[in-house]
Structures are given as C-alpha cells and as structure tokens.
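J.:
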Amino acid sequence: MMRSFEELITEAENAPTEGWDFSWFEGRATEARPSWGYQRVLGEWLARTAGGASLDLQTGGGEVLAGALAGALTGGPAGASGERRPRTMVATESWAPNAAKATRLLHPLGVAVVATPDEPPLPFADGAFDLVTSRHPVRPWWDEIARVLVPGGHYVAQHVGPSSVFEVTEFFLGPQPRDVRSSRHPDQEVAELREAGLELVDLRAERLRMEFFDVGAVVHFLRKVVWIVPRFTVEAYRDRLRELDAQIRAEGPFVAHSTRHLIIARK
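Counted from 1, the sequence shown has number 808 at position 18 by the working numbering; the numbering is strictly sequential.
Structure representation (structure tokens):
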C-alpha cells in the first residue's frame, strides 16, 4: 500500500541530492536508457585516448566517468605504451557538494578534479586535451571546447535534447513557449559546433519513456534535476503536488519522456 502524501513528501525532501547516482529511485521511478550506452561509449573513447590527455566537463559526482574508466581499463584497446586510459585525466564540476564527492571518487583513480564555474573560460591552456567529454552539460561552450582540444582531438558527449521531461515541466508551470520547447535541439548544436571550428562525426537522438510511481519520486527528481522546474520547492507547489499524488493513486504512474542525443565532433 502506498504511504501517505506527507510521508512521501518528507522522505523526498530529506533525501541527499549530490552526485548522479540515481539508485534512490529504484522501485519508485524508471527511465529507459539510450541504445548507444553512453558509459560504454565513453569507456571506449578513454581507451582510444590511451597515453594522451582527457577532460570531463561538469562531471557531477564522478560516477559516470569512474564507471567508464573501469570499462576502458578492462575492455578497451591499449595505446602504444600498453596503457588503456589517458595518461592525464581532469574533470571539472561547479557545484561544491558534487565537486567534493567527485574528488573522493576520482582522485584514487588518478583523475584531478577542478572546481570551476560552468561558464567560460575554462582554466586550461589552448590545445591541452586530446579528448573532451561531458554527460548532460548545462550548456556546451563550443568555442572553449574547440580551444582546449588539440587539432584532431574529439568531443564525445551525451546531451539533453529539446522538450525533455516537459510533461513534468508543464504539469507545474503550464504550457511552455515554442522557443523554450525547441531549445537544446541537436540541429542547432551542430550549427554552433561547426561555427566554432569543429566537424560533426556522429549524431544520434532518441526519445525515452519515464514513469514516476509516487509523488515523492517526482519531488526528489525535481530537487536533483533543478532545471526541469526552476526554483522548485515543495511549499511553492504543495497544492499541485497534492493533485499529482491523487492522480497517481487513481490512474497509475505519471508518464513523461526524456530526450537525449549522442554527439561526437572532431577539431
């Protein structure tokens, strides 16, 4: 039997939100994953960059990079020196709790974590990296990405696409303008990366089903993924949350859809 509205809300408000570990949602929400498997792709590219230098932007708590690095060490092709990972590895993160978590996780793996704002400039020299990666960056600063890449270097990332999880956004905020719904479109990003001097190598996009089984899962999601409903608080949206709780109890899971695209570019 589902717990009361107040119990679900209190639990979700008190749950920690740092990092990109989504194990809290087990049994509470589901999201289909892109067919390409970003962590596996990242591991392959880390192995391909064996002996070089890599930069992971907006690494969160470092969980995805750590998992990809494990894949690179066990399954990827070795470089000329026998290494299966970049010789120099750096990750950036702007939110202090995430930066601290990433430091604890990644430093033992030989990855330096740099606390730096998401906005440019990046605190690195021109042509410092053979590989730049990112999973769900707030915004890709293409000129900076191009600047820190060596000629022939690659950008490999999974981006959030247009209208992602807008069923949740519009439940709380109402219908969104067309320009908001179309932001983050991969076609626009391709035009921007080309303008910055990068060449598109691969682009794949998918729309993926999500289900929320209780209102607490929605609250925790909105506290963790803060751009879905900006400045979300339980108190500001308590009445709407009660309506959502009643809807889920009467009709079943709240269904939404995320959009993702894999983008690979070369300088």
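Glycine included, C-beta positions come from ideal geometry on N, C-alpha and C.
Since we're looking at a predicted model, the values are computed, not measured.
Just the C-alpha distance for A936 and A889, rounded to the nearest angstrom, thanks.
T.: Taking the straight line from one Cα to the other gives about 24 angstroms.
J.: So, are the CB atoms of D908 and V928 less than 8 angstroms apart?
T.: Yes, the pair counts as a contact, with Cβ atoms nearer than the cut-off.
J.: Taking 7 angstroms as the limit between beta carbons, can you name the residues of its chain near S954, skipping five residues before and five after?
T.: So the qualifying residues of the chain are S1048, T1049.
J.: By the DSSP assignment, the alpha helix (DSSP H) with I799 in it spans what residues?
T.: Note, I799: alpha helix (DSSP H), 795-804.
J.: Since I believe E996 is in contact with V1045 (beta carbons under 8 angstroms), could you give me their beta-carbon distance rounded to a whole number of angstroms?
T.: Not a contact, Cβ separation roughly 16 angstroms.
J.: For the alpha helix (DSSP H) holding V970, just list the boundary residues, first then last.
T.: Unbroken alpha helix (DSSP H) run through V970: 968-971.
J.: Taking 8 angstroms as the threshold, find out whether the segment 802-818 comes into contact with the segment 1002-1021 through three or more Cβ pairs.
T.: Yes: at least three Cβ pairs fall under 8 angstroms.
J.: For the segment 903-979, list the beta strand (DSSP E) runs that are entirely contained and at least 3 residues long, ordered along the chain.
T.: Here the runs fully enclosed are 919-925, 939-950.
J.: Does the beta-carbon distance from D846 to S794 come in below 8 angstroms?
T.: Not a contact, by the Cβ cut-off of 8 angstroms.
J.: Can L895 and G850 be called in contact, C-beta distance under 8 angstroms?
T.: Cβ distance not < 8 angstroms, so L895 and G850 don't count as in contact.
J.: Would L988 and W931 be called neighbours here (beta carbons separated by less than 8 angstroms)?
T.: The answer is no: Cβ separation not under 8 angstroms.
J.: Please report the residue range of the alpha helix (DSSP H) in which F1011 lies.
T.: Residues 1005-1014.
J.: If you run the structure through DSSP and keep just helix, strand and coil, what is E1031?
T.: Per the sequence presented here, residue 1031 reads as Leu, with Glu not at that position. Here L1031 sits in helix by DSSP.
J.: Between the beta-carbon of A822 and the beta-carbon of L998, is there less than 8 angstroms?
T.: The answer is yes: Cβ separation under 8 angstroms.
J.: In whole angstroms, what separates the C-alpha of P913 from that of T906?
T.: If you take the alpha carbons of P913 and T906, they lie about 8 angstroms apart.
J.: Any idea which residues DSSP pairs R784 with across the strands?
T.: Not covered by the structure: residue 784. The range shown for the chain is 791 to 1057.
J.: So, at 6 angstroms on beta carbons, what are the nonlocal neighbours of R788 in its own chain, with the 5 sequence-adjacent residues on each side left out?
T.: As displayed, the chain neither begins before 791 nor continues past 1057, which places residue 788 out of reach and without an answer.
J.: Can you tell me the Cα-Cα spacing of D1035 and I1018, whole angstroms?
T.: One C-alpha to the other measures close to 18 angstroms.
J.: To test your reading of the DSSP string, which unbroken alpha helix (DSSP H) runs of 4 or more residues are found completely within the segment 851-900?
T.: Runs found: 853-865, 886-896.
J.: Given that a residue counts as buried once 16 or more other Cβ atoms are within 10 Å of its Cβ, and exposed if not, what is S825?
T.: The residue is exposed, with fewer than 16 neighbouring Cβ atoms inside 10 Å.
J.: Name the residue from V831, P1020, I799 whose alpha carbon lies nearest to the alpha carbon of R994.
T.: If we check each option's Cα against that of R994, V831 comes out closest.
J.: Identify, in the order they occur along the chain, each residue of the same chain with its Cβ nearer than 6 angstroms to the Cβ of A986, setting aside the five sequence neighbours on each side.
T.: Same-chain partners within the cutoff: W932, D933, A936.
J.: Who are the Cβ neighbours of A870 in its own chain at under 6 angstroms, not counting the five residues just before and after it?
T.: The pLDDT assigned to A870 is 47, lower than 50, so where the model puts this residue is not dependable; a value taken from the coordinates is nonetheless given after this. Nothing listed; no residue qualifies.
J.: Taking Cβ to Cβ, would you say R875 is nearer than 8 angstroms to L859?
T.: Yes, the Cβ-Cβ distance between R875 and L859 is below 8 angstroms.
J.: What does a CB cutoff of less than 6 angstroms around A862 pick up in its chain, not counting 5 residues either side in sequence?
T.: Same-chain partners within the cutoff: G833, L836, A837, R874, R875.
J.: To which residues of the same chain is A757 closer than 6 angstroms at the C-beta, ignoring the five residues directly before and after it?
T.: Nothing can be reported for residue 757, as the shown portion of the chain is limited to 791 through 1057.
J.: What's the C-alpha gap between Q948 and P976?
T.: Taking the straight line joining both Cα atoms gives about 11 angstroms.
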